[in-house]
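Mapping of the sequence shown onto numbering that gives the first Met the number 0: position 211 corresponds to residue 210, and the numbering continues sequentially without gaps.
All C-beta atoms, glycine included, are put in the ideal place defined by N, C-alpha and C.
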Amino acid sequence: MQTLRSRVAFSLLLVVFYLTLMPFVVHGFGMIGIGLSDDAARNSYLFADGQSVGNAAMMLHILTGTILVALAPLQLIRGIRQRYNRLHRALGGVLIALALITGLAGMTYIPLRGTIGGPVMSVAFFLYGLCLFTSALMLARMARTRNREGHWAWGLRLFWLALGSWLYRLHYTLWYLLTGGVGSKSDFSGPFDLVQNFAFFLPYLLAVQIWIMRNRSVHQGALVTGL
Ligand code: HEM
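In structure tokens:
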């Protein structure tokens, strides 16, 4: 049974999460607005004249990615999982589709347009896209085969990867508040930027892996419901 204290703590975390997510969502939709405008290339480096595939991939990427981050935490709410299992499964399917599209669109954009931080950022973000895409595929497979441990493990991985872009911005915000931006440059070539290319997803994946190895025995058996 979840104690009242842990429920209150979880609800508070959710409120803080959504408050910090708001500026990110506003920024994302602002970028889509720019992408749809006639002078997109002049208003953002993300878009270029005559590059309709890259521009469309970026807009789709931002749209599905933003919805993905906003919806992902809802899967953790125990009450929904237990009382409204159909909703949990439907939302799970939507999240998997959003993760696949976000990852694919990002991985389409990178070879076409590169990234503002150059080759290291491009490699890191491509790897992030691959991890997100693979986790979504594996989670769907585990749900279909009713593999409870696999569903739990890949669900955890996908959850942290889905939060990756929010964590990336959170790391930067905290770092700038604490240090004023030591080791970070406007072209993303500073030591902090280089580490940050990987630090928003790899350490979290490692921590999740350790957690999975320590707790996997509790999650054996078959899933009551699949996708
Ligand atoms: C998980 C949810 C994600 C969200 C919400 C998201 C959101 C965004 C947003 C809002 C931008 C525009 C940034 C700006 O205005 O400067 C962006 C850029 C970008 N994203 Fe994502 N993203 C997500 C995941 C990913 C993944 C998985 C990849 C890797 C395939 C990726 C690759 C990129 C790239 C390459 C850019 C352009 C980077 C640049 O040159 O500035 N993103 N994303």
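Residue i, buried or exposed, once every other Cβ within 10 Å from all chains shown has been counted against 16
i      : result
Arg112 : buried
Ala206 : exposed
Thr2   : exposed
Asp38  : exposed
His26  : exposed
Ala8   : exposed
Ile100 : buried
Asn214 : exposed
Any non-hydrogen atom of ligand 1 closer than 8 Å to residue i Cβ
i      : result
Phe191 : no
His170 : no
Met120 : yes
Phe197 : no
Thr133 : no
Ala98  : yes
Asn183 : The identity of residue 183 in the sequence shown is Ser, whereas the question assumes Asn. No, Cβ of Ser183 sits at least 8 Å from all heavy atoms of ligand 1.
Contact set for residue i: own chain, Cβ-Cβ below 7 Å, skip 5 residues either direction
i      : result
Leu62  : Ile31
Phe234 : Shown here, the chain extends from 0 to 226; a query on residue 234 therefore has no answer.
Leu126 : none
Ala69  : Leu20, Val24
Asn196 : Gly116, Val119, Met120, Ala123
6 Å CB neighbourhood of residue i in its chain, flanking five on each side removed
i      : result
Met58  : Ile31, Gly34
Tyr203 : Trp159
Trp151 : His218
Contact check, residue i vs residue j, beta carbons under 9 Å
i     : j      : result
Gly49 : Thr107 : no
Phe28 : Trp165 : no
Cut-off 8 Å between Cβ atoms - residues of its own chain near residue i, not counting five sequence neighbours on either side
i      : result
His228 : Missing from the structure shown is residue 228; the chain here goes from 0 to 226 and no further.
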